[in-house]
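> For the sequence shown, the positions run 1 to 209 when full-length UniProt numbering is used. Idealized CB from N, CA, C, for every residue including glycine.
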Amino acid sequence: MAELTLYTNPMSRGRIARWMLEEIGEPYDVEILDFGPPMKNDDYCAINPMGKVPALRHGSSVVTEAAAICAYLAETFPQAGLAPRPDERANYYRWMFFAAGPVEAALTNHALGLEPPADRSTMVGYGSFETVVDTLEKAVSRHPYIAGDRFTAADVYVGSHVSWGMQFGTLPTRPAFAAYSDRLRDREAQKRAFQLDDAAAESMKKANA
């Protein structure tokens, strides 16, 4: 039994955590949960009281939230080279948590048609959808990767939001976003993770048919 266990659903943000696990190259187990009651029962809520995925168990410790899982794995397994170097830390933390906060909130609200009134935009933190998108575009345009000239764990998280946003139409397709996403598609770990999750999704579909 591996020290690492990922609790996930292949049609969720758990795909981000799976990609990160493939990047670090450590053995891990996977527990696939259906949405609904399986995520809300007492056993799983003892792991994540929110009753959602992903969650990561590492020995006796549990980490939830995809951005936190990425940061935790990068720092816990430094041999993978995905944690920030001193000169990368500012961009690394800045843009990872920009994606976890303003980007996540702005894209979700926009997709749901929940636009804050202009005179109350400061109350939602991110200001406006347009400001968030323009800021994200500038961030991915500054360097080949989000923290600088090399790939880090922040790219797993930010890149997932950019790729999914364009795929599902919650983020406008702009040349800078497409170029950034294309660079990440060459990652062998991403290819492995997506293949594993796609296969798991197909198995779930057949089992629930």
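1. To test your reading of the DSSP string, which unbroken alpha helix (DSSP H) runs of 4 or more residues are found completely within the UniProt domain "GST C-terminal" (85-207)?
2. Using only the alpha-carbon positions, how far apart do I69 and W95 sit?
3. Which term fits E43, buried or exposed, when burial requires 16 or more other beta carbons within 10 angstroms of its beta carbon?
4. Is K205 close to the ligand NAD? I mean its beta-carbon at under 7 Å from any heavy atom of the ligand.
5. Ignoring anything shorter than 3 residues, give me the beta strand (DSSP E) runs that lie fully in the UniProt domain "GST N-terminal" (1-81), in order along the chain.
6. For R18, does the count of other Cβ atoms within 10 angstroms reach 16, so buried, or fall short, so exposed?
7. Applying the criterion that 16 or more other CB atoms from any shown protein chain within 10 Å of the CB defines a buried residue, is S61 buried or exposed?
8. In whole angstroms, what separates the C-alpha of A118 from that of G127?
9. In chain order, what residues of the same chain lie with their CB nearer than 7 Å to the CB of A189, ignoring the 5 residues before and after it?
10. From K206 to A2, what does the alpha carbon distance come to, in whole angstroms?
11. I'd like to check one pair, L33 with A153: are the Cβ atoms closer than 8 Å?
12. Note down the Cα distance separating A90 from P49, rounded to an integer number of angstroms.
13. Give the single residue among E104, L112, L171 whose Cα lies nearest to the Cα of G125.
14. Spatial neighbours of R174 within its chain, please: CB distance less than 7 Å, with the 5 preceding and 5 following residues excluded, ordered by chain position.
15. Would you tell me roughly how many angstroms separate the C-alpha atoms of Y93 and A55, rounded to the nearest one?
16. From T131, I146, H58, pick the residue whose C-alpha is nearest to that of L6; which is it?
Checking against the coordinates, here is how it stands:
1. For the UniProt domain "GST C-terminal" (85-207), whole alpha helix (DSSP H) runs of length 4 or above, ordered along the chain, are 89-98, 104-111, 129-142, 153-168, 175-185, 188-207.
2. Locating residue 69 in the sequence shown gives position 69, counting from the first residue. Locating residue 95 in the sequence shown gives position 95, counting from the first residue. When rounded, the distance between both Cα atoms is 15 Å.
3. The count along the sequence shown starts at 1 and reaches residue 43 at position 43. The displayed chain sequence assigns Asp, not Glu, to residue 43. Exposed, since its Cβ has fewer than 16 Cβ neighbours within 10 Å.
4. As far as ligands go, the structure on display features none, and thus does not contain the ligand NAD.
5. Every beta strand (DSSP E) stretch that sits fully inside the UniProt domain "GST N-terminal" (1-81) and reaches 3 residues is listed by chain position as 4-8, 28-32, 55-58, 61-64.
6. As a working mapping, residue 18 is identified with position 18 in the sequence shown. Looking at its Cβ environment, which holds 16 or more other Cβ atoms inside 10 Å, R18 is buried.
7. Reading the sequence shown from its first residue, position 61 is the one you call residue 61. S61 is classed as exposed because its beta carbon has fewer than 16 other beta carbons within 10 Å across all chains shown.
8. Here residue 118 refers to the residue found at position 118 of the sequence shown. Here residue 127 refers to the residue found at position 127 of the sequence shown. If I take the Cα positions, the gap works out to 9 Å.
9. The residue given as residue 189 occupies position 189 in the sequence shown. These residues qualify, in order along the chain: W19, E22, E23.
10. Within the sequence shown, the letter at position 206 stands for residue 206. Within the sequence shown, the letter at position 2 stands for residue 2. For K206 and A2, the gap between their C-alpha atoms comes out near 28 Å.
11. Mapped onto the sequence shown, residue 153 falls at position 153. Mapped onto the sequence shown, residue 33 falls at position 33. Contact: no.
12. Position 90 of the sequence shown, counted from the start, is the residue given in the question as residue 90. Position 49 of the sequence shown, counted from the start, is the residue given in the question as residue 49. Computed Cα separation, rounded: 31 Å.
13. Counting from 1 along the sequence shown, the entry for residue 125 is found at position 125. The shortest Cα separation from G125 among E104, L112, L171 belongs to E104.
14. Taking the sequence shown and counting its residues from 1, one reaches residue 174 at position 174. Setting aside the 5 residues that flank it on each side, R174 is surrounded in the same chain by E137, each with a C-beta closer than 7 Å to its C-beta; the list follows chain order.
15. Within the sequence shown, numbered from 1, the residue matching residue 93 stands at position 93. Within the sequence shown, numbered from 1, the residue matching residue 55 stands at position 55. Across the structure, Y93 and A55 are spaced so that their CA atoms are roughly 20 Å apart.
16. Against the sequence shown, residue 6 aligns to sequence position 6. Taking only the C-alpha atoms, the option nearest L6 is H58.
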